[in-house]
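Asks: Just passing along the structure, written as structure tokens.
There are 2 protein chains.
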Amino acid sequence: MTSVPQHSCSNCSMREICLPMGVGKQDIDRLENLVQNSKIHHQNDVVIRQDDAFHTLYAVKSGMYKSVKLNSDGEEYVVGFHLPGEIIGLDAIYPEVYTSSLIALTNSVLCQLDYEQLVTLSASIAPLQHQLMRLSSKEINTTQAFQSTQTAEQKLASFIHNLAIRNEVRGFSATELHLAMTRQDIANHLGMAAETVSRLLKQFQGRDVLDIKHREMSILDPAGLLLLTGCAHS
Amino acid sequence: MTSVPQHSCSNCSMREICLPMGVGKQDIDRLENLVQNSKIHHQNDVVIRQDDAFHTLYAVKSGMYKSVKLNSDGEEYVVGFHLPGEIIGLDAIYPEVYTSSLIALTNSVLCQLDYEQLVTLSASIAPLQHQLMRLSSKEINTTQAFQSTQTAEQKLASFIHNLAIRNEVRGFSATELHLAMTRQDIANHLGMAAETVSRLLKQFQGRDVLDIKHREMSILDPAGLLLLTGCAHS
DNA sequence: TTGAGCGTTTGATCTAAATCAATTCAAGTG
DNA sequence: CACTTGAATTGATTTAGATCAAACGCTCAA
Chain A
1 MTSVPQHSCS NCSMREICLP MGVGKQDIDR LENLVQNSKI HHQNDVVIRQ
51 DDAFHTLYAV KSGMYKSVKL NSDGEEYVVG FHLPGEIIGL DAIYPEVYTS
101 SLIALTNSVL CQLDYEQLVT LSASIAPLQH QLMRLSSKEI NTTQAFQSTQ
151 TAEQKLASFI HNLAIRNEVR GFSATELHLA MTRQDIANHL GMAAETVSRL
201 LKQFQGRDVL DIKHREMSIL DPAGLLLLTG CAHS
Chain B
1 MTSVPQHSCS NCSMREICLP MGVGKQDIDR LENLVQNSKI HHQNDVVIRQ
51 DDAFHTLYAV KSGMYKSVKL NSDGEEYVVG FHLPGEIIGL DAIYPEVYTS
101 SLIALTNSVL CQLDYEQLVT LSASIAPLQH QLMRLSSKEI NTTQAFQSTQ
151 TAEQKLASFI HNLAIRNEVR GFSATELHLA MTRQDIANHL GMAAETVSRL
201 LKQFQGRDVL DIKHREMSIL DPAGLLLLTG CAHS
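Here it is as structure tokens:
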């Protein structure tokens, strides 16, 4: 983990997705001043430890992270995966401790924002305040969306579709995905066995919906994939 | 559905849970002025229709509501149940339409708040701004919490335990619960069959964890119930 | 280059919970 | 008050997906 002094929201390719969205030129430097030095992480670096006191929100600048919750039985649960432009830690505001650990899945960079300072600043920058609420709202939706899907097939299809959309929104490919996480991580996240993920992926391949080699996935038939989701997602 | 002109946050028994929490005496009337006339609803009244344009947040004053999402297949999904003091609509901020329909489960009352006005007001009342963020954060947690539970038994036990805690926080009984929703609603919400709910409740009764007659439930052994949850919840 | 160690795949078996099918119960209505 | 209707229970059967078990294939380090 290394510190990078230089950082800038105005030059960041994620500025239209992340917190700065809608913030005018005259205010963006006030936001930039608040962003702490970015941190570079490597695969398996633990960035946040569950139950640590919450003071800081994080924004993913590049790479990918996962959030993992450990329950009292010692069972792990993969809460989700975080792509560039996404804010991490919104769920920790209420309990004032982080509710899950954060782990880098690949070489990745995070921006740090002191939560108290951010809230104070947002009171005087309306677009920032709105974006903060929008991002919280979005997170509520994300978490709710998957609950409604029922079969393992629908869950996995929804997961892949969701990942593709998120990739596309970020200016990456909507059809060529690199899976930074293991099959076990996906399975755990979706509440199924890793074997089931493996078998379903093979089945999706057989139906020419997608092609997958190790961690590289091509979506051959996006419409077919959407059908597999049960159409529950947009 | 009837309008009630009189309303007051300062006299409301939910003020320490709801939006006014932490707002000082000098500011609370500014919040009260923003609260629209409360609406009285009866069982099965549809308050919000999914996909309608979002402008208003709601706070439950009394009674109970459920949120229901209809997916493109025509399948229903019960997103959750809303108790007094809870804010409804935070998930609609991002998409700018309500993502589910809201239905009264019993005679109930809602307070209405114009979202834009609330955000504007919160910029000048720091405790209100904080509470808005806290409530959003809480909602993210709530939605995440159940995902980690696996078996039907754990899910149902968690659901009952969660309901009991929420009741207690509101100054109601932690052991005597009235279930305003049907078994089918509970089952749908937890992603299982109504028959499974019925069988599990009977099993919980057999183990003397709880006693249930129709819609009235007594939790006889709260510690035993917590054990059944897999201890994943606080 | 070889071997160790994950991650992944594939196959066989088992089980929790769904589905199907009836019956019972409760509350409201003409 | 009987009658209707929706909710809840109970039992029998089926099945999706878990678990168990084994083999395979990368990747990395010595």
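Line order of the protein sequences matches chains A and B.
Under our numbering, residues 1 to 234 are what the first sequence spells out, in order.
Under our numbering, residues 1 to 234 are what the second sequence spells out, in order.
Beta carbons are placed, not taken as given, at the ideal position from N, Cα and C, and that holds for glycine.
Note that the structure is predicted; figures quoted are calculated from it, not measured.
(1) Is DSSP giving Gly-63(A) helix, strand or coil here?
(2) What's the call for Leu-227(A), buried or exposed, on a 16-neighbour Cβ count within 10 Å?
(3) Compare the Cα-Cα distances from Ala-235(A) to each of Ser-124(A), Ile-165(A), Ser-148(A) and report the closest residue.
(4) Could you tell me which residues DSSP puts in a beta bridge with Phe-81(A)?
(5) From what residue to what residue does the beta strand (DSSP E) around Ile-28(A) run?
(6) Keeping to the same chain, check which residues put their C-beta closer than 8 angstroms to that of Leu-121(A); ignore five residues upstream and five downstream.
(7) Hey, out of Val-119(A), Leu-177(A), Gly-89(A), whose CA is closest to Glu-139(A)'s CA?
(8) By the 10 Å Cβ neighbour count, where 16 or more other Cβ atoms means buried, how is Lys-25(B) classified, buried or exposed?
(9) Listing by chain order, which chain B residues have their CB less than 8 angstroms from the CB of Asn-71(A)?
(10) Whole angstroms are fine: how far does the CA of Gln-117(A) sit from the CA of Met-14(A)?
(11) Just mark His-41(A) as buried or exposed, buried being the case when its beta carbon has 16 or more other beta carbons within 10 Å.
(12) Ignoring anything shorter than 3 residues, give me the beta strand (DSSP E) runs that lie fully in the segment 138-201 of chain A, in order along the chain.
(13) Please state the DSSP three-state secondary structure of Leu-110(B).
(14) Using a C-beta cutoff of 8 angstroms, does Met-192(B) count as contacting chain A?
(15) Taking 8 angstroms as the cut-off, does the segment 205-212 of chain A touch the segment 132-149 of chain A (at least 3 CB pairs, one atom from each stretch)?
(16) In angstroms, rounded to a whole number, what distance separates the CA positions of Lys-39(A) and Leu-110(A)?
(17) Confirm, please, whether the CB-CB distance from Asn-71(B) to Ser-148(A) is below 8 angstroms.
(18) Going by Cα to Cα distance, which pick from Phe-146(A), Gly-22(A), Ala-180(A), Ala-194(A) is closest to Ala-104(A)?
(19) Measuring alpha carbon to alpha carbon, tell me which residue in Ser-8(B), Ile-28(B), His-161(B) is nearest Ile-125(B).
(20) Hey, how far is the Cα of Gly-63(B) from the Cα of Thr-175(A)?
(21) Anything in chain B within Cβ reach of Asn-141(A), meaning under 8 angstroms, just list it in chain order.
(22) Sorted by chain position, which residues of the same chain lie with C-beta nearer than 6 angstroms to Ala-194(B)'s C-beta, five sequence neighbours on each side aside?
(23) Is the CB of Ser-218(B) under 8 angstroms away from at least one CB in chain A?
(24) For Ser-67(A), does the count of other Cβ atoms within 10 angstroms reach 16, so buried, or fall short, so exposed?
Replies: Reading from the atomic positions:
(1) Counting from one through the first sequence, the residue named residue 63(A) turns up at place 63. Reduced to three states, the DSSP call for Gly-63(A) is coil.
(2) As a working note, residue 227(A) is residue 227 in the first sequence. It counts as exposed.
(3) Examination of residue 235(A) is not possible in this model, given that chain A is present from 1 through 234 alone.
(4) The residue labelled residue 81(A) in the question sits at position 81 within the first sequence. Phe-81(A) pairs with Lys-66(A).
(5) Locating residue 28(A) in the first sequence gives position 28, where the first residue counts as 1. Unbroken run through Ile-28(A) is the alpha helix (DSSP H), 25-34; no beta strand (DSSP E).
(6) Against the first sequence, residue 121(A) aligns to sequence position 121. The residues are Arg-30, Leu-31, Leu-34, Leu-128.
(7) What you label residue 139(A) is simply residue 139 of the first sequence in a count that begins at 1. Nearest option by C-alpha distance: Gly-89(A).
(8) To locate residue 25(B), count along the second sequence from 1; it is residue 25. Exposed, since its Cβ has fewer than 16 Cβ neighbours within 10 Å.
(9) Residue numbering aside, residue 71(A) sits at position 71 when the first sequence is read from its first letter. Neighbours of Asn-71(A) on chain B, chain order: Ser-148, Gly-230, Cys-231, Ala-232.
(10) Taking the first residue of the first sequence as 1, we reach residue 14(A) at position 14. Taking the first residue of the first sequence as 1, we reach residue 117(A) at position 117. Each residue's Cα considered, the two are about 21 angstroms apart.
(11) For the purposes of this step, residue 41(A) is taken as residue 41 along the first sequence, with counting starting at 1. Classification for His-41(A): buried.
(12) 176-178
(13) The residue you call residue 110(B) lines up with position 110 of the second sequence. Note: Leu-110(B) maps to strand in three-state DSSP.
(14) Working through the second sequence from its first residue, we reach residue 192(B) at position 192. No, Met-192(B) does not count as interfacial toward chain A.
(15) no
(16) As a position in the first sequence, residue 39(A) is number 39, starting the count at 1. As a position in the first sequence, residue 110(A) is number 110, starting the count at 1. In a straight line, the C-alpha of Lys-39(A) is about 5 angstroms away from that of Leu-110(A).
(17) The count along the first sequence starts at 1 and reaches residue 148(A) at position 148. The count along the second sequence starts at 1 and reaches residue 71(B) at position 71. Their beta carbons are under 8 angstroms apart, which means Ser-148(A) touches Asn-71(B) by this criterion.
(18) Translated into positions along the first sequence, residue 104(A) becomes position 104. Comparing Cα positions, the closest option is Ala-180(A).
(19) In the second sequence, the residue the question calls residue 125(B) occupies position 125. Cα-wise, what sits closest to Ile-125(B) is Ile-28(B).
(20) By one-based count along the second sequence, residue 63(B) stands at place 63. By one-based count along the first sequence, residue 175(A) stands at place 175. Computed Cα separation, rounded: 47 angstroms.
(21) The count along the first sequence starts at 1 and reaches residue 141(A) at position 141. Under the 8 angstroms cutoff, chain B gives Asp-91, Tyr-94, Pro-95, Thr-99.
(22) Taking the first residue of the second sequence as position 1, residue 194(B) is located at position 194. Excluding residues within five positions, the ones whose Cβ falls inside 6 angstroms are Arg-183, Gln-184, Ala-187.
(23) Residue numbering aside, residue 218(B) sits at position 218 when the second sequence is read from its first letter. With 8 angstroms as the cut-off, Ser-218(B) does not count as an interface residue toward chain A.
(24) As a first step, residue 67(A) is located in the first sequence; it is residue number 67 there, counting from the start. When all chains shown are included, Ser-67(A) counts as buried.
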